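When we follow this note's numbering, the leftmost residue of the sequence shown carries the number -12, and every step to the right adds one.
Presented below is the structure to which this report refers.
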Amino acid sequence: MPIDPVFSLRDEVIERKRASGSIGMKTGRSDLLFTVFDERRDFLSTLTEERIRGVSSSWNWRFAPRTNSLLAASWQRRTDEDDIDRDFWYLQAQLKRQIRPKLDGSVEYRFSRQEDDDDRNNYDENRIMARVTAYF
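See below:
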């Protein structure tokens, strides 16, 4: 499960150094994945930097033929040069079913939260998504 790093919005060139590691396990019906990363971004015009580190995990379970469930969680912290921290995390649950050979349907719930030293940047999001995907 990829992590979506919280980028600060800027219009300049960045130099990015990233270290990450993952460990996973597959069984007949389950896939487990755990990922950790650390990233440093140097902004070349303003000569500022920020650091982002985080973890994520996911469990994909095929509990019936053509039906999968996914549980996922992620946390990341962005620290800028002024030592201002911004935490972002989410919890996700998804149920996906193959309806026909080229037709899938899924329902997903995701709760996201951003916590910032500046209260104006804090938010919570509850998201429910239903999808139907056809392959041609």
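Backbone N, C-alpha and C define an ideal beta-carbon position, used for all residues, glycine too.
Just so it is clear, the structure is predicted and the values come from calculations on it, not from any experiment.
Could you tell me the alpha carbon to alpha carbon distance between TRP48 and PHE123, rounded to whole angstroms?
Numbered from 1 along the sequence shown, position 61 holds the residue referred to as residue 48. Numbered from 1 along the sequence shown, position 136 holds the residue referred to as residue 123. The straight-line gap from Cα to Cα measures roughly 26 Å.
So what's ASP74 in DSSP terms, helix, strand or just coil?
Along the sequence shown, one-based indexing puts residue 74 at 87. Correct three-state label for ASP74: strand.
To the nearest angstrom, how far is the alpha carbon of ARG107 from that of THR66?
By one-based count along the sequence shown, residue 107 stands at place 120. By one-based count along the sequence shown, residue 66 stands at place 79. Rounded to whole angstroms, ARG107 to THR66 spans 17 Å at the Cα level.
Given a threshold of 16 other Cβ atoms within 10 Å of its Cβ, counted over all protein chains shown, does GLU112 qualify as buried or as exposed?
For this step, residue 112 is matched to residue 125 along the sequence shown. When all chains shown are included, GLU112 counts as exposed.
Under 8 Å between the Cβ atoms of SER43 and THR14?
On the sequence shown, residue 43 is found 56 positions in, with the first residue counted as 1. On the sequence shown, residue 14 is found 27 positions in, with the first residue counted as 1. Result no, Cβ atoms of SER43 and THR14 do not sit closer than 8 Å.
Measure from the C-beta of ARG73 to each C-beta in chain E and report whether the shortest distance is under 8 Å.
Checking the listed chains, one finds no chain E in this structure; it contains a single protein chain.
Identify whether ASP106 lies in helix, strand or coil by the three-state DSSP scheme.
Here residue 106 refers to the residue found at position 119 when the sequence shown is read from its first residue. ASP106 falls in the helix class under three-state DSSP.
For GLY41, count neighbouring Cβ atoms within 10 angstroms of its own Cβ and tell me buried if that reaches 16, exposed if not.
Within the sequence shown, numbered from 1, the residue matching residue 41 stands at position 54. The residue is buried, with at least 16 neighbouring Cβ atoms inside 10 Å.
Hey, how far is the Cα of ARG5 from the Cα of ASP91?
Stepping through the sequence shown from its first residue, residue 5 is reached at position 18. Stepping through the sequence shown from its first residue, residue 91 is reached at position 104. For ARG5 and ASP91, the distance between alpha carbons rounds to 35 Å.
Check whether the Cβ atoms of LEU75 and GLN63 sit closer than 8 Å, and answer yes or no.
Here residue 75 refers to the residue found at position 88 of the sequence shown. Here residue 63 refers to the residue found at position 76 of the sequence shown. Reading the sequence as shown, one finds Phe at residue 75 and not Leu. Yes, Cβ-Cβ distance for PHE75 and GLN63 is below 8 Å.
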